[in-house]
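The structure appears below as structure tokens.
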Amino acid sequence: MMLHERWRTTFGGEGASDLGFTPFNLEVDWRFVEWAIKSGLAEKAGLPYTNSRATWDSPEDKHMVHYRDPLEAIKALLRDPALAKHIVYKLKHIFTDATKEKRVYNEMWTSSWWEETQAKLPEGSCVAPVIIATDKTQLTQFSGGQQAYPVYLTLGNIPHAI
């Protein structure tokens, strides 16, 4: 019997599962890995859980989640008077010179994808690609080294320089 199977039989029973301890099925598994990381045993034993990126929050930990409806955020971008004159609604072909031999692809609306997608839409419609990204950021030094993971939303119709 494999060690993992013995562990599950001894401590978890057949098919046991504790919700909230992802990526583990049981709280006891989660607690063991947490202890192994903090004690340094995980690194010494060559376990894959050896750095802070592999640690998980305890199910008892509380987190502040700020939420904004994505559709409302998109509407706000489209209604913003400061952006109105910059938003692009149709394909643009940009070339390197007057010979028009080489196209420039520097914004979403200069791409072949935009042209192909626009052709599939009903008359009077336009492409409005939603771009969603996230990036870890360090909060102030006064926050005790805490980090945040903001989610950014924009439209492909807005020039990247804005």
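No gaps in the numbering here: position 126 of the sequence shown is 1429 in our numbering, and each next residue is one more. All C-beta atoms in this analysis are idealised placements derived from N, C-alpha and C, irrespective of residue type, glycine included. None of these values were measured; they are calculated from a predicted model.
Beta-carbon gap between residue i and residue j smaller than 8 Å
i: Val1430; j: Thr1420; result: yes
i: Thr1435; j: Leu1456; result: Note that residue 1435 is Ile in the sequence shown, not Thr. The answer is yes: Cβ separation under 8 Å.
i: Lys1395; j: Thr1413; result: yes
Residue i in three-state terms, based on DSSP
i: Ala1379; result: helix
i: Ser1355; result: Legend: pLDDT at Ser1355 = 46, less than 50; position of this residue unreliable, no value from coordinates given.
i: Phe1398; result: strand
i: Val1331; result: helix
i: Ala1464; result: coil
i: Leu1424; result: coil
i: Ala1431; result: coil
i: Val1336; result: helix
i: Thr1440; result: strand
i: Gly1448; result: coil
Burial state of residue i (16 or more Cβ within 10 Å)
i: Trp1333; result: buried
i: Ile1397; result: exposed
i: Ile1340; result: buried
i: Asn1460; result: buried
Neighbourhood of residue i by C-beta distance below 6 Å, restricted to the same chain and skipping five residues each side
i: Lys1439; result: Gln1450, Tyr1452
i: Asn1409; result: none
i: Tyr1370; result: none
Spatially closest choice to residue i from the options, by CA coordinates
i: Val1368; options: Trp1416, Val1336, Ile1434, Val1454; result: Val1454
i: Glu1418; options: Leu1442, Tyr1392, Val1433; result: Tyr1392
i: Ala1464; options: Met1411, Lys1405, Leu1442; result: Met1411
i: Leu1381; options: Gly1448, Asn1328, Thr1437, Pro1432; result: Pro1432
i: Pro1462; options: Ile1377, Arg1371, Ile1390; result: Ile1390
heavy atom of the ligand GDP below 7 Å from residue i C-beta
i: Leu1386; result: Judged by which ligands are present, the structure shown has none, so any question about the ligand GDP falls away.
Spatial neighbours of residue i in its chain, beta-carbon cut-off 8 Å, leaving aside the 5 residues before and after
i: Leu1386; result: Leu1380, Ile1461, Ile1465
Other residues of its chain near residue i: CB distance less than 7 Å, five sequence neighbours each side excluded
i: Pro1373; result: Leu1456
i: Leu1442; result: Gln1449, Gln1450, Ala1451
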